[in-house]
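So for the sequence shown, my numbering puts the first residue at 1; every next one is plus one. All C-beta atoms, glycine included, are put in the ideal place defined by N, C-alpha and C. Report on the following structure.
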Amino acid sequence: MKLSSYEPMQPTVEFRSISKQFGHVKANADVSFSIAKGSIHGLVGENGAGKSTLMSILYGYYRADGGEILLDGKVQPIRNSQEAINLGIGMVHQHFMLVENFTVLDNIMLGTEGGFRLASHRTEAETKLREICARYRLDVDPLAKIEDLSVGAQQRVEILKQIYRSANILILDEPTAVLTAQETASLFEILRLFKEQGKTIILITHKLQEILEITDNVTVMRGGTVVGAVATAGTSKEELANMMVGRPIQSHLPRAPYNPGATVLEVDGLQLADEQQVKLLADIGFNLRAGEIVAIAGVSGNGQSELLEILSGMRLPTSGTLRFLDKDLPFAKRHDADGLPLAFRELGIAHIPEDRLRDGVVKNFSVMQNTILGYQDHLKNRWGLFNFKAIGARCAELLKTFDVRPANPDLRIGLLSGGNQQKVVIAREVLAKPKLMLVGQPTRGVDIGTIESIHTQLLALRDAGVAILLVSVELEEVRALADRILVMCGGRITGELKIEEFDTTRIGLLMGGMHKS
């Protein structure tokens, strides 16, 4: 284990030989390290390294099989989340725990309603919330409905909830996975303010540049154990990545020369309006050829998601022409999209959705069951029964080829880390050998080693002649994968660039709708 020169002078949290096992899988094995009071402490590692399990033990979701946790030098047996909250520990999860049709105030009061004094307690709670918002510059309206807030504002609500409950130790699990660059900068300002107030922040993230920007110290985990503990000022992205995966990471992946083939997808005059006739997509037109990756760049919420939903058959367009391999996609004379996603898959259109939990997997199904979703009819015998031997062999190939951990086909997929869930989704679609691959935010919330693996798979598909439409908010990902770049703003394509024309300033202007190319 690599140890640095830093030793926290006043540890507010100390883990001593924490171990946790799920069946045959060791999630944490003899984990020991401490976190300085009033610091921002980074916790990094590959998907499945044990980071979230360890934080879930600190927050009382899980009970450790062995070891102990000390808070301010005192051993604390944290048996459930309520005990953790009472001890001043708060946790903001990667997937928000908010009731969307409730107000901010309603969500924050849940569990602290005050019994028969609800009306007066509600007034007191609103006053307290407004004071907290002003003090920490959270800029949230307590009476706004969650469904009307941006993703960044919803995250501020989650943070507000923890402060309202007097959290002095704040755990943030992948807090920037769905944030824009501006929202991330705003979050970091809030975290720095917390630190000034003496609060302790534990930051789980795969974005190593953010670790270098915001943290004081970093603990690195791999395979359920601590493999490194360093002061942030004395490390680098390369050193952290090497510790995380145990090998150097390739910064530039090999790819064949750009040599596109025949046109696979033609989109012309695509329009989409919602029930209130608000335009979500306007005059979208582009072509996509075999053997090329066309990336769509833009701030989330500018029509990219709706475009992918239409092209994958999840949503009907209002108007426009969409042709796949010189034939119109079968939208005509339909009142809804029932059955279209399956029909599109039969045509050779695969889809890696932006939200893997909502659209990519069924959490309560096994890994093996999830590997056949959307392709189950291909794995039946002539009597219409599932060929379980073929399904098992296909799943074993998938787990090995895509390095899914743990490689247990019978494990409920909801128990896998987010990155390993993503590997299952990508593997399922790649193994279908599509002609067109629709890819939404493929590396959201995954570690640097998995990013390398996913990029390698996508480039291999491109080099094999598959047409790929990539939607990503990560400009570095766009730079690494794209042959051509389309930029979207306000439901329109505001510009197109060849990859050799890549320029962050120009793309930024196009993303803001401030410039026409």
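As assigned by DSSP and simplified to three states, the class of residue i
{"i": "Gln155", "result": "helix"}
{"i": "Gln21", "result": "strand"}
{"i": "Ser319", "result": "strand"}
{"i": "Phe96", "result": "coil"}
{"i": "Ser32", "result": "strand"}
{"i": "Met55", "result": "helix"}
{"i": "Phe502", "result": "coil"}
{"i": "Asp216", "result": "coil"}
{"i": "Lys161", "result": "helix"}
{"i": "Gly524", "result": "The requested residue 524 is not part of the displayed model; the chain covers only 1 to 517."}
{"i": "Phe188", "result": "helix"}
{"i": "Glu183", "result": "helix"}
{"i": "Leu308", "result": "helix"}
{"i": "Phe344", "result": "helix"}
{"i": "Lys199", "result": "coil"}
{"i": "Val13", "result": "strand"}
{"i": "Lys145", "result": "strand"}
{"i": "Glu46", "result": "coil"}
Per DSSP, the bridge partner or partners of residue i
{"i": "Cys489", "result": "Arg492"}
{"i": "Ser366", "result": "Arg412"}
{"i": "Lys380", "result": "Phe386"}
{"i": "Lys128", "result": "None; Lys128 has no bridge partner."}
{"i": "Gly90", "result": "Leu170"}
{"i": "Phe324", "result": "Leu265 and Lys327"}
{"i": "Arg484", "result": "Val294 and Lys498"}
Close beta carbons around residue i, own chain, < 6 Å, minus the five adjacent residues each side
{"i": "His41", "result": "Ile35, Ile202 and Asn217"}
{"i": "Gly513", "result": "Cys489, Gly490 and Thr494"}
{"i": "Pro142", "result": "Val104, Leu105, Glu126 and Leu129"}
C-alpha gap between residue i and residue j, whole angstroms
{"i": "Ala125", "j": "Ala460", "result": "55 Å"}
{"i": "Gly152", "j": "Thr318", "result": "30 Å"}
{"i": "Ile18", "j": "Val230", "result": "20 Å"}
{"i": "Ala467", "j": "Val478", "result": "15 Å"}
{"i": "Phe116", "j": "Phe386", "result": "Low per-residue confidence applies at Phe116: pLDDT is 46, beneath 50, and the placement is therefore not dependable enough to give any value."}
{"i": "Leu70", "j": "Gly48", "result": "24 Å"}
{"i": "Thr505", "j": "Leu475", "result": "11 Å"}
{"i": "Lys433", "j": "Glu397", "result": "14 Å"}
{"i": "Glu429", "j": "Pro77", "result": "44 Å"}
{"i": "Tyr6", "j": "Gly228", "result": "Low local confidence applies: a pLDDT of 45 at Tyr6 is under 50, so the model's placement there is unreliable, with the coordinate-based value given in what follows. About 12 Å."}
{"i": "Leu138", "j": "Lys161", "result": "11 Å"}
{"i": "Arg192", "j": "Ile163", "result": "15 Å"}
{"i": "Gln154", "j": "Asn259", "result": "44 Å"}
{"i": "Gly445", "j": "His93", "result": "12 Å"}
{"i": "Thr443", "j": "Gln276", "result": "33 Å"}
{"i": "Ile310", "j": "Ile426", "result": "20 Å"}
{"i": "Ala332", "j": "Lys26", "result": "52 Å"}
{"i": "Gln82", "j": "Tyr59", "result": "9 Å"}
{"i": "Gly374", "j": "Leu342", "result": "6 Å"}
Own chain partners of residue i with C-beta closer than 7 Å, once the 5 adjacent residues on each side are dropped
{"i": "Met244", "result": "Val44, Gly45, Glu46, Val220, Arg222, Asp447, Ile448 and Gly449"}
{"i": "Pro353", "result": "Asp359, Gly360 and Gly440"}
{"i": "Ile372", "result": "Leu379 and Ile391"}
{"i": "Asn101", "result": "Lys145 and Glu147"}
{"i": "Ser4", "result": "Residue confidence for Ser4 is low, a pLDDT of 46 falling below 50, so the modelled location carries little weight; the figure read from the coordinates is stated next. So the list reads Ala229, Val230, Ala231 and Gly234, once near-sequence residues are dropped."}
Continuous alpha helix (DSSP H) stretch holding residue i: start and end
{"i": "Gly228", "result": "Looking at the DSSP string, Gly228 is not in any alpha helix (DSSP H); the run it does join, the beta strand (DSSP E), is Thr225 to Ala231."}
{"i": "His455", "result": "Ile448 to Asp463"}
{"i": "Ile85", "result": "Ser81 to Asn86"}
{"i": "Val245", "result": "Lys237 to Val245"}
{"i": "Ile108", "result": "Val104 to Met109"}
{"i": "Leu469", "result": "That residue, Leu469, is in no alpha helix (DSSP H); its beta strand (DSSP E) goes Ala467 to Val471."}
{"i": "Val478", "result": "Leu475 to Leu481"}
Neighbourhood of residue i by C-beta distance below 8 Å, restricted to the same chain and skipping five residues each side
{"i": "Lys37", "result": "Pro8, Gln10, Pro11, Thr12, Asp72, Gly198 and Thr200"}
{"i": "Leu208", "result": "Val44, Lys237, Leu240, Ala241 and Ile448"}
{"i": "Gln250", "result": "Glu452"}
Residue range of the beta strand (DSSP E) that includes residue i
{"i": "Glu429", "result": "That residue, Glu429, is in no beta strand (DSSP E); its alpha helix (DSSP H) goes Gly418 to Val430."}
{"i": "Gly440", "result": "Leu436 to Gly440"}
{"i": "Asn287", "result": "Lys279 to Arg289"}
{"i": "Gln271", "result": "Thr263 to Ala273"}
{"i": "Asp173", "result": "Ile169 to Asp173"}
{"i": "Gly66", "result": "Gly66 to Leu71"}
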